[in-house]
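Below you'll find the structure, written out as structure tokens, and then a few comments.
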Amino acid sequence: MHQLEISDLITAVDPRSGLRLPVRRAEVIEQLQASGDGRAAGIVAGLPADQDGVLDPDAVDRLLISVHTELQRLSEELRIGERLVHVLGPLLAAVRATTRQSGPYCLVDVGCGLGCLVRWLAATNALGADVELIGVDLDASLVGEAERLAHAEGLNCRFIHGNAFDMPKAATVYVSTGVLHHFRGAALTEFFKAQATSPAQAFCHFDIAATRLAPIGAWIYHRARMRHPLGRHDGVVSARRAHSDETLLRAADVPGIRPLLYEPRGTVNPFCTTLRPVIGVRPPLEEPLRRALGRAARRLVGPEYLVEAAR
Ligand SMILES: C[S@@+](CC[C@H](N)C(=O)[O-])C[C@H]1O[C@@H](n2cnc3c(N)ncnc32)[C@H](O)[C@@H]1O
């Protein structure tokens, strides 16, 4: 089955206080073995722990930062920033055209990790000066490193440690990359509902397209570009856990939101599609979004596409 990502298991945070919780190495190994993933159990067995068997939190942080740094390089090679702006640019144009609010608009990257998307957007000013850029993550060490890098690069963006749906300031648009597959079943619907019940105008979440090529593509890429076995392992498991178009469109179909999928399976070349977004907009935004996308709007489908595709 091999459905567990090691990085999800080796850190734990109290959801209320945000404080780090101890993680026992033997328990993680047991969980991975029970899922039939002896290789992952072997990787965790090699991580340092104290005399009580609790994983060394500093070593875990260093490891996750180095894996995310390699992931950032992969995102740069796959030109993920440009792909995002291709959709986010028109989405913000639609927000500007539709809302009475004149800005600044607030873009929140949910689960920003090292903040490579937010930092890239700040460095390129690709969305315009009226868009405030904020990255949020539950992992304090990743957020700390994102903040350090943004400061070193002299960028105009902010990073916050915490739950993205528990911020004092409301987002205009929620975005994310590589986060959706971490939410399964009811938690995925809750993820979208949290945004629908907020004052946000839209969301746009990019994750691995669940094509037949995704697991083998991820294996080749991570084998070639990632050094640590944890990064290689989790990269392939993420591709296997990628949600189908159907799952995303159904889960994002929550009250007050028009769910849309860009580049659904069957309309695009699977060799080119690595990440594709599920988008949710307040209903009056759909037409301005289609206008702003121009010819590319043909690649934007709603849940009715599933009915047509099933015929
Ligand atoms: C696989 S990482 C993705 C990192 C980054 N987006 C990237 O592409 O490199 C998923 C991250 O989501 C974070 N996360 C999950 N739910 C969150 C929430 N509700 N608020 C903030 N961060 C969250 C986790 O802490 C984790 O660091």
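Note that the numbering used here has the sequence shown beginning at 12, numbered continuously upward.
Every residue gets a Cβ at the ideal spot worked out from N, C-alpha and C, and that includes glycine.
Note that the structure is predicted; figures quoted are calculated from it, not measured.
Contact check, residue i vs residue j, beta carbons under 7 Å
i: residue 78; j: residue 242; result: yes
i: residue 205; j: residue 172; result: no
i: residue 256; j: residue 270; result: no
i: residue 245; j: residue 314; result: no
i: residue 288; j: residue 168; result: no
i: residue 272; j: residue 286; result: no
i: residue 65; j: residue 27; result: no
i: residue 307; j: residue 105; result: no
i: residue 126; j: residue 170; result: yes
i: residue 175; j: residue 267; result: no
i: residue 149; j: residue 132; result: no
i: residue 76; j: residue 156; result: yes
i: residue 240; j: residue 17; result: no
i: residue 134; j: residue 85; result: no
i: residue 217; j: residue 262; result: no
i: residue 59; j: residue 70; result: yes
i: residue 23; j: residue 30; result: no
For residue i, the nearest candidate out of the options (CA to CA)
i: residue 153; options: 80, 176, 90 and 143; result: 80
i: residue 110; options: 133, 194 and 293; result: 293
i: residue 142; options: 204, 276, 314 and 112; result: 112
i: residue 72; options: 254, 300 and 19; result: 19
i: residue 254; options: 200, 303, 191 and 209; result: 191
i: residue 219; options: 119, 203, 250 and 208; result: 250
i: residue 326; options: 183, 44, 93 and 43; result: The structure shown does not extend to residue 326, since the chain is modelled only from 12 through 322, so no value can be given for it.
i: residue 210; options: 178, 301 and 217; result: 178
i: residue 185; options: 120, 303, 308 and 125; result: 120
i: residue 147; options: 129, 268, 301 and 290; result: 129
i: residue 138; options: 101, 155 and 16; result: 101
i: residue 103; options: 212, 23, 157 and 58; result: 212
i: residue 15; options: 165, 68 and 43; result: 43
i: residue 324; options: 164, 21 and 187; result: Lying outside 12 to 322, the shown extent of the chain, residue 324 is not represented and no answer is given.
i: residue 74; options: 53, 41 and 21; result: 21
i: residue 62; options: 37, 262, 49 and 45; result: 37
i: residue 46; options: 310, 300, 248 and 296; result: 248
i: residue 317; options: 291, 290 and 258; result: 258
i: residue 196; options: 252, 124 and 48; result: 252
i: residue 140; options: 199, 41, 117 and 291; result: 117
Sheet register partners of residue i (DSSP bridge)
i: residue 273; result: 311
i: residue 185; result: 119 and 214
i: residue 170; result: 146
i: residue 60; result: 66
i: residue 286; result: 219
i: residue 291; result: 214 and 270
Residue i: CB within 6 Å of a non-hydrogen atom of ligand 2
i: residue 292; result: With respect to small molecules bound, the structure shown includes ligand 1 and not ligand 2.
Within-7 Å CB hit, residue i to chain C
i: residue 192; result: Given the protein chain composition of this structure (a single chain), no chain C is represented.
**Request:** Give, in chain order, every unbroken run of the beta strand (DSSP E) that is at least 3 residues long and sits entirely within the segment 12-43.
**Result:** None, since the segment 12-43 contains no complete beta strand (DSSP E) of that length.
**Asked** Whole alpha helix (DSSP H) runs in the segment 76-112 with 4 or more residues, listed along the chain?
**Response** Those alpha helix (DSSP H) runs which fall completely within the segment 76-112 and span 4+ residues are 91-109.
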